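Visitor: Here it is, the structure, as structure tokens.
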Amino acid sequence: MKVAIIGSGNMGAGLARALTAANIPLVIGHHDPAKAAALAGDLGSQVQGGGIAAAVKLADVVILALPYQAIAEVLGVAGDLSGKILVDISNPISADFKSLVVGHTTSAAEQIQSIAPQARVVKAFNTIFAGLLAADARKGKTLQVFVASDDDTAKREVSQLANAIGFEPVDAGPLSNSRFIEPIGEMNIHFGFFLGWGPVTAPVWIKV
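Counting from 1, position 194 in the sequence shown corresponds to residue 288 in this note's numbering; the numbering is continuous, with no gaps.
Here is the structure:
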């Protein structure tokens, strides 16, 4: 399974480092191929970097490490997405980070699925801060990643990736459950940035 990460920001770079450490074949894509190449160069000669369409073409799983507002434009230049697993890690937040701009009757993940109906969209990683993607930052704690999709095979493959980089994947049901998962991500942002906890928090669902 080859993974493409589209984006080179904090989440993209953090996931790229974690996947590389787990020996997952990886390619980086970016509007600016030079930025993708720079991140790939930092990760080692086994990682490729280039344009968005080129990265998507090489991959089975495409992680959209992008702000929600940028995703539609990126999908428009991504090329053929037929059968690709698209992993949406976004939270559709306002410019001040204090609220959601999509919710209740739809979700960011469902909007992405409507833009790319030929792809298999999976919601995951939206409740994890970038600083917690590195295993040593978690201080021995196993954090959960909520994984939602209408495609069971895609859900299973993304869960395997989450497990490979040290997280506990939790089956969160169909893609429509992103309507609930995204507000959890927004609440985590409030704990981290507005309620004084710092970006070292993550929600965990406990079964008793």
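All C-beta atoms, glycine included, are put in the ideal place defined by N, C-alpha and C.
Note that the coordinates shown come from a computational prediction; the quantities given were computed from them, not determined experimentally.
Would a C-beta distance cut-off of 8 Å place I165 and S184 closer than the cut-off?
Guide: Cβ distance < 8 Å, so I165 and S184 count as in contact.
Visitor: Would you mind working out which of V97, A149, L113 sits nearest A228, comparing C-alpha positions?
Guide: L113
Visitor: Look up Q212 in the DSSP assignment and say whether it is helix, strand or coil.
Guide: coil
Visitor: Would you kindly report the start and end of the unbroken beta strand (DSSP E) that includes I300?
Guide: Where I300 is concerned, there is no enclosing beta strand (DSSP E), given that its DSSP letter is neither H nor E.
Visitor: Provide the residue span of the beta strand (DSSP E) that contains P263, from first to last.
Guide: Counting along the chain, the beta strand (DSSP E) containing P263 begins and ends at 262-265.
Visitor: Check this for me: beta carbons of P312 and V97, under 8 Å apart or not?
Guide: For the chain, the structure presents residues 95 to 302; residue 312 sits outside this window and is missing.
Visitor: Which one or two residues does DSSP pair with I100 in a beta bridge?
Guide: I100 pairs with G123, L158.
Visitor: Can you tell me whether S253 is buried or exposed, with buried defined as 16 or more other CB within 10 angstroms of its CB?
Guide: buried
Visitor: How about V156 and K178: do their beta carbons lie closer than 8 Å?
Guide: Yes, these two residues count as a Cβ contact at 8 Å.
Visitor: According to DSSP, is G290 helix, strand or coil?
Guide: Here G290 sits in coil by DSSP.
Visitor: For the 8 Å Cβ check, are there 3 or more pairs between the stretch 103-111 and the stretch 209-225?
Guide: yes
Visitor: Which residues does DSSP list as the beta-bridge partners of F240?
Guide: V264
Visitor: Can you tell me the Cα-Cα spacing of G138 and T199, whole angstroms?
Guide: Going from the Cα of G138 to the Cα of T199 covers about 43 Å.
Visitor: For T295, collect the residues of the same chain with a Cβ closer than 8 Å to its Cβ; drop the 5 residues on either side in sequence, then sort them by chain order.
Guide: Only F223, N282, F285, G286 meet the Cβ criterion.
Visitor: Could you check the C-alpha separation between L289 and K192 for me, to the nearest Å?
Guide: 11 Å
Visitor: Go ahead and pull the three-state DSSP assignment for I179.
Guide: strand
Visitor: If you follow the alpha helix (DSSP H) that Q142 is in, where does it begin and where does it stop?
Guide: That residue, Q142, is in no alpha helix (DSSP H); its beta strand (DSSP E) goes 142-144.
Visitor: Give a yes or no on whether the C-beta atoms belonging to D182 and L158 are separated by under 8 Å.
Guide: yes
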